[in-house]
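K.L.:
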Amino acid sequence: MGTKRLRDILFFVHRYLGLGFGLILILIGITGSLLVFHHEIEDWLISQRYEIVVPQGQPISVDKAVEIAKSAYPSWQIDELSLPKDNRHPLMLGFVAPDADPNLYEHGFYKVLVNPYTGEVMGNFATRFTFYRFLLNLHYRLFLPGEWAGRIVTGITALFLLITAMTGVILWPGWRKLTTGFKIKWNAHIKRLNFDIHKVVGILAAVFLIFTAFTGIYLNFYDWMNPAIYALTASTETESKLPTISDPKPGQTPILPSVAIATAQKALPNVQIESIYFVTSKNQPSPFEIYGKSGEIVYLDPYTAQVLKIEAPQQIKASLGDRISEFLFTLHFGTFWGIPSRILYIFVGLSPLILFITGLVMWGYRLMRNLKRDRANHE
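End of the sequence shown = 368 in this note's numbering, gap-free, step of one.
Here is the structure:
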């Protein structure tokens, strides 16, 4: 096969995959850009919906906050407590309503906000209706019904993005002359300017689009891709088994949240405690899980406060498969360089919009040229 023939095939694939799946890629790209900063967006939305916490005196104890929230929603069962990020954030408690259905995505799960100074219940919201869940379902499943329909569509779209980005790199004119590949003639005709924007934005975003496309395929087909990674690296997944606890004595009640926090803090004195996950089933008691800011977990016996297990990312001896899996996650979410890489991923997520518009314009010019040529041949 000649070089020109191969180039024509690559150009055909690049053009029609980009145009055919461009709208879905735009949707996934924009939602991905927003998801990079979803924590900050959620915090801002909460501050807009509920009154801002004004520090006044000493904050109430977490035990008191839990008691107040339980009194406000007596039929709900508490399963989580998130400590305030600073003195202007509320305490956030997770509850499970009696109508919770495990077969429906987060149906019956709520967050209750408590003012850490006044003890006022500021309100509640269903976790499945948050802006984050909306973005995640749109980005990951396109709101298609069922567990797999949306994941298959977005996974296949990610595969086509991978092919489109790779063919774009091969077709990039900068391989012939580097300066040409990065040059934009701002004063040129709109047709040339449009092409220049497409080639420059495309090559600048290509590497990251390839990364996010590949990792997107990995995440969408995780059930198959993850075992393949461990098989290819001849390594085993490091399992995190929950420690067992002794059965509570008759009439014995769980320890207070403040005791759990103090015990975890003593076990990890240099770690900032962020949240606690409580026992959610009386029939199958499980340990309290206290989470640190950097992913540390302290498992406590909920009745004796005995430290059952401590997990710290820096202490876990990860296999090669574990490290690759973790790297693919950080690569997809753009957290590998902290804030700078997250900001970079905003522009990466917007690049499909720019590339689709400029690609559509190029296709339009080509279509008009072909129509004029056909008209001339028939005259």
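Think of the CB as a built atom: it goes at the ideal place given N, C-alpha and C, for glycine as much as any other residue.
Identify whether Tyr106 lies in helix, strand or coil by the three-state DSSP scheme.
P.N.:
The count along the sequence shown starts at 1 and reaches residue 106 at position 117. Coil.
K.L.:
Is it true that the CB of Val51 sits closer than 8 Å to the CB of Pro243?
P.N.:
The count along the sequence shown starts at 1 and reaches residue 243 at position 254. The count along the sequence shown starts at 1 and reaches residue 51 at position 62. Their beta carbons are not under 8 Å apart, which means Pro243 does not touch Val51 by this criterion.
K.L.:
What does the Cβ neighbour count give for Thr60, buried or exposed, with the cut at 16 atoms within 10 Å?
P.N.:
Counted from its first residue, the sequence shown places residue 60 at position 71. Sequence inspection shows Ser at residue 60; the Thr mentioned does not correspond to that position. Exposed is the call here.
K.L.:
For Ala115 and Leu6, what's the separation of their Cα atoms in angstroms?
P.N.:
Looking up residue 115 in the sequence shown gives position 126. Looking up residue 6 in the sequence shown gives position 17. Distance between the alpha carbons of Ala115 and Leu6: 38 Å.
K.L.:
Report the option in Lys282, Ile186, Phe345, Leu356 whose CA atom is closest to the CA atom of Ile13.
P.N.:
As a first step, residue 13 is located in the sequence shown; it is residue number 24 there, counting from the start. Nearest of Lys282, Ile186, Phe345, Leu356 to Ile13, Cα basis: Phe345.
K.L.:
Throw me the rounded Cβ distance for the Gln45 and Tyr106 pair, which I believe falls under 8 Å.
P.N.:
Locating residue 45 in the sequence shown gives position 56, counting from the first residue. Locating residue 106 in the sequence shown gives position 117, counting from the first residue. With a Cβ gap of about 5 Å, Gln45 and Tyr106 count as contacting.
K.L.:
On a Cα-Cα basis, can you pick out the residue from Pro258, Gly338, His321 that is closest to Ile299?
P.N.:
In the sequence shown, residue 299 corresponds to position 310, counting from 1. Comparing Cα positions, the closest option is Pro258.
K.L.:
How would you call Asp(-3), buried or exposed, if buried means at least 16 neighbouring beta carbons within 10 angstroms?
P.N.:
What you label residue -3 is simply residue 8 of the sequence shown in a count that begins at 1. Burial call: exposed.
K.L.:
For His187, count neighbouring Cβ atoms within 10 angstroms of its own Cβ and tell me buried if that reaches 16, exposed if not.
P.N.:
As a working note, residue 187 is residue 198 in the sequence shown. When all chains shown are included, His187 counts as buried.
K.L.:
Can you tell me where the alpha helix (DSSP H) holding Val189 begins and where it ends?
P.N.:
Here residue 189 corresponds to residue number 200 of the sequence shown, with the count starting at 1. From DSSP, the alpha helix (DSSP H) with Val189 extends over 179 to 209.
K.L.:
In whole angstroms, what separates the C-alpha of Asn209 from that of Thr119?
P.N.:
Reading the sequence shown from its first residue, position 220 is the one you call residue 209. Reading the sequence shown from its first residue, position 130 is the one you call residue 119. The straight-line gap from Cα to Cα measures roughly 22 Å.
K.L.:
Considering only C-alpha positions, which residue in the set Ile17, Arg181, Val55 is nearest to Leu125?
P.N.:
Position 136 of the sequence shown, counted from the start, is the residue given in the question as residue 125. Ranking the options by Cα distance to Leu125, first place goes to Ile17.
K.L.:
Using C-beta distances below 7 Å, list every residue in its chain close to His3, excluding the 5 sequence neighbours before and after it, in chain order.
P.N.:
If you number the sequence shown from 1, residue 3 lands on position 14. Answer for His3: Thr153, Thr156, Gly157, Leu160, listed in chain order.
K.L.:
Taking three-plus beta-carbon pairs below 8 Å as touching, is the segment 170 to 189 in contact with the segment 18 to 26?
P.N.:
Because the criterion of three Cβ pairs below 8 Å is not met, the segment 170 to 189 and the segment 18 to 26 do not touch.
K.L.:
Counting Cβ pairs, one atom from each stretch, are 3 or more of them under 8 Å apart for the segment 282 to 298 and the segment 186 to 202?
P.N.:
Too few Cβ pairs lie closer than 8 Å, so no.
K.L.:
Apply the 10 Å Cβ neighbour rule to Gly135 and answer buried if 16 or more other Cβ atoms are within range, or exposed otherwise.
P.N.:
For the purposes of this step, residue 135 is taken as residue 146 along the sequence shown, with counting starting at 1. With fewer than 16 Cβ atoms within 10 Å of its Cβ, Gly135 is classed as exposed.
K.L.:
Following the continuous alpha helix (DSSP H) through Ser247, name the residue where it begins and the one where it ends.
P.N.:
By one-based count along the sequence shown, residue 247 stands at place 258. Looking at the DSSP string, the run of the alpha helix (DSSP H) that includes Ser247 is 246 to 256.
K.L.:
Alpha carbon to alpha carbon, how far is Ile90 from Asp311?
P.N.:
Residue mapping note: residue 90 aligns to position 101 of the sequence shown, counting from 1. Residue mapping note: residue 311 aligns to position 322 of the sequence shown, counting from 1. It is Asp, not Ile, that sits at residue 90 in the sequence shown. Near 32 Å, if we compare the C-alpha coordinates of Asp311 and Asp90.
K.L.:
Threshold first: 4 residues or longer. Then list the alpha helix (DSSP H) segments lying entirely within the segment 73 to 152, N to C.
P.N.:
Taking only runs of at least 4 residues, the alpha helix (DSSP H) segments lying wholly in the segment 73 to 152 are 120 to 130.
K.L.:
Just grab the DSSP bridge partners of Ser264 for me.
P.N.:
Mapped onto the sequence shown, residue 264 falls at position 275. The partner list for Ser264 (beta bridge, DSSP) reads Ser71, Tyr280.
K.L.:
For the beta strand (DSSP E) that Val42 lies in, which residues bound it at each end?
P.N.:
Locating residue 42 in the sequence shown gives position 53, counting from the first residue. First-last for Val42: undefined, no H or E at that position.
K.L.:
How about Tyr266 and Pro232: are their beta carbons less than 8 Å apart?
P.N.:
On the sequence shown, position 277 is the one that residue 266 refers to. On the sequence shown, position 243 is the one that residue 232 refers to. Not a contact, by the Cβ cut-off of 8 Å.
K.L.:
May I have the straight-line CA-CA distance separating Thr146 from Ser224, to the nearest angstrom?
P.N.:
Position 157 of the sequence shown, counted from the start, is the residue given in the question as residue 146. Position 235 of the sequence shown, counted from the start, is the residue given in the question as residue 224. One C-alpha to the other measures close to 30 Å.
K.L.:
In terms of residues, what are the limits of the beta strand (DSSP E) holding Glu285?
P.N.:
Walking along the sequence shown from the start, residue 285 turns up at place 296. Segment: none, Glu285 is in no beta strand (DSSP E) and carries neither H nor E.
K.L.:
Check this for me: beta carbons of Val42 and Asn104, under 8 Å apart or not?
P.N.:
By one-based count along the sequence shown, residue 42 stands at place 53. By one-based count along the sequence shown, residue 104 stands at place 115. Cβ distance < 8 Å, so Val42 and Asn104 count as in contact.
K.L.:
Going by C-alpha distance, which of Phe149, Val85, Gly108 is nearest Phe369?
P.N.:
The structure shown does not extend to residue 369, since the chain is modelled only from -10 to 368, so the question has no answer here.
K.L.:
In chain order, what residues of the same chain have a beta carbon less than 8 Å from the beta carbon of Gly170, not counting five sequence neighbours either side?
P.N.:
The residue labelled residue 170 in the question sits at position 181 within the sequence shown. Excluding residues within five positions, the ones whose Cβ falls inside 8 Å are Trp161, Pro162, Gly163, Trp164, Lys188, Val189, Ile192.
K.L.:
Hey, how far is the Cα of Gly353 from the Cα of Ser36?
P.N.:
Reading the sequence shown from its first residue, position 364 is the one you call residue 353. Reading the sequence shown from its first residue, position 47 is the one you call residue 36. C-alpha separation (whole angstroms): 46 Å.
K.L.:
My output table needs one value for Ile328: the three-state DSSP class, helix, strand or coil.
P.N.:
As a working mapping, residue 328 is identified with position 339 in the sequence shown. Three-state DSSP puts Ile328 in a helix.
K.L.:
Can you tell me whether Ala249 is buried or exposed, with buried defined as 16 or more other CB within 10 angstroms of its CB?
P.N.:
If you number the sequence shown from 1, residue 249 lands on position 260. Result: buried.
K.L.:
Taking all protein chains shown into account, do 16 or more other C-beta atoms lie within 10 angstroms of the C-beta of Thr(-8), making it buried, or fewer, making it exposed?
P.N.:
For this step, residue -8 is matched to residue 3 along the sequence shown. That one is exposed.
K.L.:
Going by DSSP, what residue range makes up the alpha helix (DSSP H) through Lys298?
P.N.:
Locating residue 298 in the sequence shown gives position 309, where the first residue counts as 1. Unbroken run through Lys298 is the beta strand (DSSP E), 296 to 300; no alpha helix (DSSP H).
K.L.:
Buried or exposed: Ala138, going by 16 or more other Cβ atoms within 10 Å of its Cβ?
P.N.:
The sequence position of residue 138 within the sequence shown is 149, counting from 1. Counting Cβ neighbours within 10 Å, Ala138 comes out exposed, since fewer than 16 surround it.
K.L.:
If you draw a straight line from the C-alpha of Thr227 to the C-alpha of Ser314, how long is it?
P.N.:
Along the sequence shown, one-based indexing puts residue 227 at 238. Along the sequence shown, one-based indexing puts residue 314 at 325. Cα to Cα, the separation comes out at about 11 Å.
K.L.:
Which stretch, first to last residue, makes up the alpha helix (DSSP H) that contains Gln2?
P.N.:
Reading the sequence shown from its first residue, position 13 is the one you call residue 2. Here residue 2 is Val; the residue named in the question, Gln, does not match the sequence. From DSSP, the alpha helix (DSSP H) with Val2 extends over -8 to 9.
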